[in-house]
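Notes follow once the structure below has been shown.
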Amino acid sequence: MVIAAVLGVGLLLLVFWGTLWLVGKITGSDATQANEPTEIFTPSACAQDSLLLTSTAPSTATAGEPLNIEVSVSTTSEQPCLLDVGEKMLGITVHTGEQLVLDTRGCAAAEAEQLPLLLRQGDTWKQTFTWDGLVRGEGCEAGSKAAAGTYVVRYLHGEHKVTEPTIITLQ
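Numbering-wise, the sequence shown is residues 4 to 174 according to the working numbering.
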C-alpha cells in the first residue's frame, strides 16, 4: 500500500512537470531564462534652440489696468525633453525705454521650486501671465500705475530671451 502511494505521488509529479515543460515549449517561454533588463529613457533638458515660443498680447491696452499675455511653448527636438517652467525660471519682462517695469520671475515666492515639463515634438504648452498694470520694483513691490506709452514685453527662460519682443501701447 505504501509502495502504491509512493508510485502514485511520483506519477503525479511526473505528469505535473511534463505539463509545465509542454506549456513552456508551446508558448516559447523558458522558466530558467532570465528577463533581459529594458533600457529606461531618461529625458534631457530641452536645448534653447529647439524651443518654439510665441506670445500673444493685445497691441493696445488701458494704462494701469490688468493685461493678459499668453505664451505658447513647443519643441522641435526629435526626443522628448524637459523644460523647467517653474516661476523662478520662466517669466516675462516689461520695459518702457530702459526702465524695467515688471519681471514676473522676481515675483515668485522664495521657496518656488523647479517645475519640469516633459515636451514632445508636436505638443504645445500654454501659460497666461497677467500684468496687473503696476510698476513693480525689486522684489516685486507694487508701485504706481504704469503710465500711457509704449512698452516692450519679452518672454524669458532663465536669462535667455526666447521670443521676439511684443510691443504694447498703453493709452
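Glycine residues also receive a C-beta, built at the ideal position from the N, C-alpha and C atoms.
Beta-carbon proximity list for Y158, same chain, < 7 Å, skipping 5 on both sides: Same-chain partners within the cutoff: L56, S58, V74, I95, V165, T166.
Counted within 10 angstroms of its Cβ, other Cβ atoms place F44 as buried (16 or more) or exposed: Exposed.
How close, in whole Å, do the beta carbons of L173 and G152 come, if the pair is a contact with beta carbons under 8 Å? With a beta-carbon spacing of about 6 Å, L173 and G152 fall inside the 8 Å limit used to define contacts.
Member of W128, L93, Q102, Q82 whose CA lies at the smallest distance from the CA of A111: Sorting W128, L93, Q102, Q82 by C-alpha distance to the C-alpha of A111 places L93 at the top.
Excluding the five sequence neighbours on either side, which residues of its own chain have a C-beta within less than 8 Å of the C-beta of C49, listed in chain order? The residues are T78, S80, C84, L85, L86, L122.
In terms of residues, what are the limits of the beta strand (DSSP E) holding T59? 54-59 is the extent of the beta strand (DSSP E) around T59.
For K91 and E68, I'd like the C-alpha separation in whole angstroms. Approximately 24 Å, taken between the alpha carbons.
Residue span of the beta strand (DSSP E) that contains E73, given as start and end: Counting along the chain, the beta strand (DSSP E) containing E73 begins and ends at 70-78.
Look at the Cβ atom of A149, then the Cβ atom of A60, and state whether they are nearer than 8 Å. Contact: no.
Check whether the Cβ of K28 lies closer than 7 Å to any heavy atom of the ligand COA, and answer yes or no. No copy of the ligand COA appears in this structure; indeed no ligand is present at all.
Where Q102 sits in the DSSP three-state scheme: Residue state, collapsed to three classes: strand.
Measure the alpha-carbon distance for G146 versus L105 and round it to whole angstroms. Taking the straight line from one Cα to the other gives about 10 Å.
Considering only the alpha carbon of each residue, which of I72, G140, E162 lies closest to V155? When only C-alpha atoms are compared, the closest one is I72.
C-beta atoms of G161 and L118 nearer than 8 Å: Cβ distance not < 8 Å, so G161 and L118 don't count as in contact.
Which one of T99, V76, F132 has the shortest CA to CA distance from G125? Minimum Cα distance to G125 is reached at V76.
Evaluate T169 with the Cβ neighbour count: other Cβ atoms within 10 Å of its Cβ, from every protein chain shown; 16 or more gives buried, anything less gives exposed. Flag for T169 reads buried.
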